[in-house]
Amino acid sequence: MENNYDIIIIGGGATGAGVARDCSLRGIKALLLERSDISTGATGRNHGLLHSGARYAVTDPESAEECIRENMILRKIAAHCVEETDGLFISLPEDDLQYQATFVEACRKAGIRTEILDPEEAKRIEPSVNPTLTGAVRVPDGAVDPFQLTAANIIDAKAHGAEVRTYTKVIELIREQDRIVGVRTYDRRAHCEQTFYAQVVVNAGGIWGQGIAAKAGITVNMLPAKGALLIFGHRINNLVLNRCRKPTDADILVPGDTISLIGTTSSKIPYDQIDNMVITPEEVDILLREGEKLSPQLAYTRILRAYAGVRPLVASDDDPSGRKVSRGIVLLDHAQRDGMEGFITITGGKLMTYRLMAEWTTDLICKKLGLNVPCRTAELPLPGSTESKKEVERKIRHKPTTQRRSVISRHGDMADRIADQDSIKNSLVCECEEVSIGEVEYAMENLSVNNLVDLRRRTRIGMGTCQGELCACRAAGLMGKKDPICAKRAKADLASFLNERWKGMAPIAWGDTLRESEYTTWVYESVCGLTDETEKTTVQ
Amino acid sequence: MNIQQNTVSENNFEQCIKCTICTVYCPVAAVNPDFPGPKQAGPDGERLRLKQPDYFDASLKYCMNCKRCEVACPSNVRIGDIIQSARIKYGPKKNTSLRNYVLANTDLVGSLATPFAPIVNTAVTLKPVRYMMDKVMSIDHRRIFPKYAHGTFTSWYKKHAAASQATYPKQVAFFHGCYVNYNNPQLGKDLIRIMNSLGYGVNLLDKEKCCGVPLISNGLYKQAERQAKTNLSSIRLAVNDHDMDVITTSSTCTFTLRDEYPHILNLKNEDVRDRIELATRYLYKLIQSGEVQLKFKEGMPPLRIAYHTPCHMEKMGWGYYSIELLRMIPGIEVIVLDSQCCGIAGTYGFKKENYPTSQSVGEPLFRQIEASGADLVASDCETCKWQIEMSTTKACEHPLTILASRLA
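As structure tokens, then:
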């Protein structure tokens, strides 16, 4: 029967993608449904920190151990998404230096390598660090690109037979007595409803999982906590900077790709506000004020954007008040918990533990399907990480240096799939992030790109300092060439891309960022005639 | 709320709003597709190099350091400085070929060549010699070499001029540069004649080394820094101990002493920077102040002169002074050529790999010169002079040489 799968995964974040990959590798026929694009939820809205676990060592040893294990695994299986920068936990005069000993001991117990540095040594290896520091501990923190990580999982899942449908919203869980047997969906691009059946449906909707479970009449209490972050225009630090004290607001500065990120704040928000993320001036203020303490340079470095994500925190089942929060992984077998067969919820956890979450989920699926196949995701490298950077370098020797390094950092060993036979293919679409025409075409052909915002998540176009000023129209041109769409829709797509860029700039719109966005507005509105009218048309 | 008042970044690279005007004005980007242009090589590349130094692209060597990008930039980004600094910071550390060493060490080569000037000058015009330099050293065989003088300016000065300078009521120091010293002592003599006629004695600096611009563009940064330090202490001596302004006839030497020292070599000079002056501007200001007056010969034949604004002159914004000074000379008609790069950019155009770029960059200027109907071209830059004389049918002289020839 058509539209029949072994399992259906709802949610295209890192967890959903991880489950799809794990299942496919174990021979389970999977369908992944995502109402928007992949990595649009919390997956794409965090620090991109490759936690060593040190942050949790004192307060949550279990999470710390999970983190360091997954940290070491990701370095191997997702090498092209990871930057092995290491991190510092610094003590400032206002901090209790005694905490350092507690911290180091907790790290040791969790199996996290530490090295105590004297302040001078810390300043030498990380010149941007607050020079008044009184102590520093080096830990194996790093940076991870969540977009590339999720994309690589999707690519591998598809390569092993999984089907992925983005812009497909689940409107109903089909129930036969005490069993979920499938889902009814709405295709947001084709504007039609469809039905898919499977033996097991996995709810990997992150914070949106509460709503999905509710469709089966099941209560999962999520406790949405908003976290805001600021992106700075360029790399300020090359080592992750943390405060050596109990975790609090704005105490992590991560060097991610071409930029640095300070975050996060933490504030509870009502569940009905999870799709309405607004950064307040107070949040920007906290991030800057606290961030400056890690690196004083933040006070005078250009800010590119502000954004916020929602942590998928879950209230513990044994506590009806919802106060006791677990930061760990929450895997709910609704057959056991609620007497509902064929339905699993995987939530909680962190980007760092997406693979482990997928492993647990797939183990449970296997049990339900009566399969006995071991998990291999901890050993099998993801596409992009099967060859070393050096080997890939050799294959694409002929590309200009900067472009070569950029595509390898984004696509790993898949970089050689990008066309570069002539100078046109090597011409840049995005100049800030060195994205060529060849790369954009590769993404459009192979990485399920439906609009300019999707394209940004696959290639980083528009993520640089110009925030789409130069690349948006070029990319729109290439999109139009590949798949001739009506001019009205193309204009609407362009407008929605630019508005999405503006949304991130608005909370920090001053100085050069404001000047540049005014210039962009002038180019698109006054020169190209892209007016408000086009914005009102919905995209997708 | 503590809102950031101003964002600050080295060389203002974050002030770039990607308008791309710099690339439009870049003479190299227009003719050499291997050069990604100042925006890419400068602020865009800097962001990537901050991420990881190995994003450094070897094509940055194609930048001529003409600074026309900086003149064009509406956001005050020091694009040329970003590129030069990146070459120092991230570029190959030992990239000095024999060729680059010879081209860069104008002082050393000059002092070796001047005693044998007649032989050297003849030798470099011989086809086999040029062919050999092309093959062995990658100096393009089509490039015509500047002539060396038989004897340096400084040795002439010591013999014939030094003694009389103290008799003038006012004193000024002269940074002669390599060109005056080894190639064209006449320009130094002309300057002394002009200054003396206005009541100014001309003194040499205590110790003078090449300003360092060829060293910087050929990757000999340490040596450039050493020489700059020597020059700065000599300049400080002249300014502080003897209260003398320091003037130079070369626009590039002036620019280097004033701006490249602090921006590229990180040597502070703000205490003396305002006292380092281009000779034509110094003279123009003296005349404008009414303090002095030039007396010209009468009945000289009319002369049509086309003035070419060198890139570093454009960067300083001082082309005006040379042009107006020329206009003060009776019988001289001045046409101002479009401000565009001649393509030689110091030692850049001597290199075989740059020769086609160099000549393509200069092409529009050469055409304009030929069509101008001028008798003579004038320019404050010696390497522009070489390029123009090699690539057009016209001779090119320094404005002060022209002025001195008509002095009463």
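So the protein sequences, as listed, match chains P and X.
To convert, note that position 468 of the first sequence is 468 in this note's numbering; the numbers rise steadily by one, no gaps.
Numbers in this note's numbering are just positions in the second sequence, counted from 1, shifted up by 1000.
We put the CB at the ideal spot given by N, CA and C, even for glycine.
Computed from a predicted structure; not experimentally measured.
Item to check | Proximity test, Cβ basis, 8 Å: X:I1061 and chain P | outcome: Just to set this straight, residue 1061 of chain X is Lys in the shown sequence, not Ile. Not closer than 8 Å to any Cβ of chain P, the Cβ of X:K1061 fails to qualify, so no.
Item to check | Identity of the residues DSSP links to P:C430 by a beta bridge | outcome: P:V435
Item to check | Distance CB(X:P1399)-CB(X:T1280) smaller than 8 Å | outcome: yes
Next on the checklist: I'd like the span of the alpha helix (DSSP H) that includes X:R1226, first residue to last.
Outcome noted: Y1221 to R1236
Checklist entry - From the beta carbon of P:E516, is the nearest beta carbon of chain X less than 8 Å away? => result yes
Checklist entry - Where P:V539 and P:R501 are concerned, what is the direct C-alpha to C-alpha distance, given to the nearest angstrom? => result Any reading at P:V539 is ruled out, since the residue's pLDDT is 43, under 50, leaving its predicted position unreliable.
Checklist entry - Which two residues bound the contiguous alpha helix (DSSP H) that contains X:G1080? => result I1079 to Y1090
Checklist entry - Cβ of X:I1088 less than 8 Å from any chain P Cβ? => result no
Item to check | First through last residue of the alpha helix (DSSP H) which encompasses X:A1104 | outcome: L1098 to A1104
Item to check | Anticipated Cβ contact below 8 Å, P:I174 with P:R188, distance rounded | outcome: Not a contact, Cβ separation roughly 19 Å.
Checklist entry - In terms of alpha-carbon separation, which member of P:G44, P:R45 and P:I68 lies closest to P:G53? => result P:I68
Item to check | Closest by C-alpha distance to P:V129, when choosing among P:A299, P:D285, P:L455 and P:G412 | outcome: P:A299
Checklist entry - By the 10 Å Cβ neighbour count, where 16 or more other Cβ atoms means buried, how is P:T537 classified, buried or exposed? => result Summary for P:T537: the model assigns pLDDT 47, below 50, so the residue's position carries little reliability; its value from the coordinates is reported in the next sentence. P:T537 is exposed by the Cβ-count criterion.
Item to check | Within-8 Å CB hit, X:D1245 to chain P | outcome: no
Next on the checklist: Under 8 Å: do the stretch 1153-1161 of chain X and the stretch 1183-1196 of chain X share three or more Cβ pairs, one atom per stretch?
Outcome noted: yes
Item to check | CA-to-CA distance, P:F196 to P:N4, given in whole angstroms | outcome: 6 Å
Item to check | Runs of alpha helix (DSSP H) wholly within the stretch 30-57 of chain P (minimum 4 residues, chain order) | outcome: 54-57
Item to check | C-alpha gap between P:L239 and P:G209, whole angstroms | outcome: 35 Å
Checklist entry - Of all the CB atoms in chain P, is at least one closer than 8 Å to the CB of X:G1045? => result yes
Item to check | Neighbour flag for X:K1039 against chain P, beta carbons, 8 Å | outcome: yes
Checklist entry - At what residues does the alpha helix (DSSP H) containing P:C471 begin and finish? => result C471 to K482
Next on the checklist: Quick check: X:K1018 and X:K1051, are their CB atoms within less than 8 Å of each other?
Outcome noted: no
Next on the checklist: What are the residues in the stretch 432-465 of chain P lying within 9 Å of chain X by C-beta distance?
Outcome noted: C432, E433, E434, G464 and T465
Item to check | Contact list for P:D257 against chain X, beta-carbon separation under 8 Å | outcome: K1051
Checklist entry - Do P:S406 and P:A78 have their CB atoms nearer than 8 Å? => result no
Checklist entry - Are the C-beta atoms of P:E469 and some chain X residue less than 8 Å apart? => result yes
Checklist entry - What is the residue span of the beta strand (DSSP E) that P:P255 lies within? => result I252 to G256
Item to check | Contact set between X:A1058 and chain P, taken where Cβ atoms lie within less than 9 Å | outcome: T401
Item to check | Any C-beta of chain P under 8 Å from that of X:V1008 | outcome: yes
Checklist entry - If you draw a straight line from the alpha carbon of X:A1058 to that of X:N1240, how long is it in whole angstroms? => result 42 Å
Checklist entry - When the Cα of X:G1219 is compared with those of X:I1369, X:T1347 and X:I1192, which residue comes out closest? => result X:T1347
Next on the checklist: Let me see if you follow: with CB-CB separation under 8 Å, is P:Y272 close to chain X or not?
Outcome noted: One detail in the question is off: residue 272 of chain P reads as Asp in this sequence, not Tyr. No, P:D272 does not count as interfacial toward chain X.
Checklist entry - Since X:Q1084 meets chain P, which of its residues come closer than 7 Å, beta carbon to beta carbon? => result Within chain P, no residue comes near X:Q1084; the closest Cβ sits about 18 Å away, beyond 7 Å.
Item to check | P:I274 to P:A472 span [Cα, whole Å] | outcome: 28 Å
Checklist entry - So, is the C-beta of X:Y1025 closer than 8 Å to a C-beta in chain P? => result no
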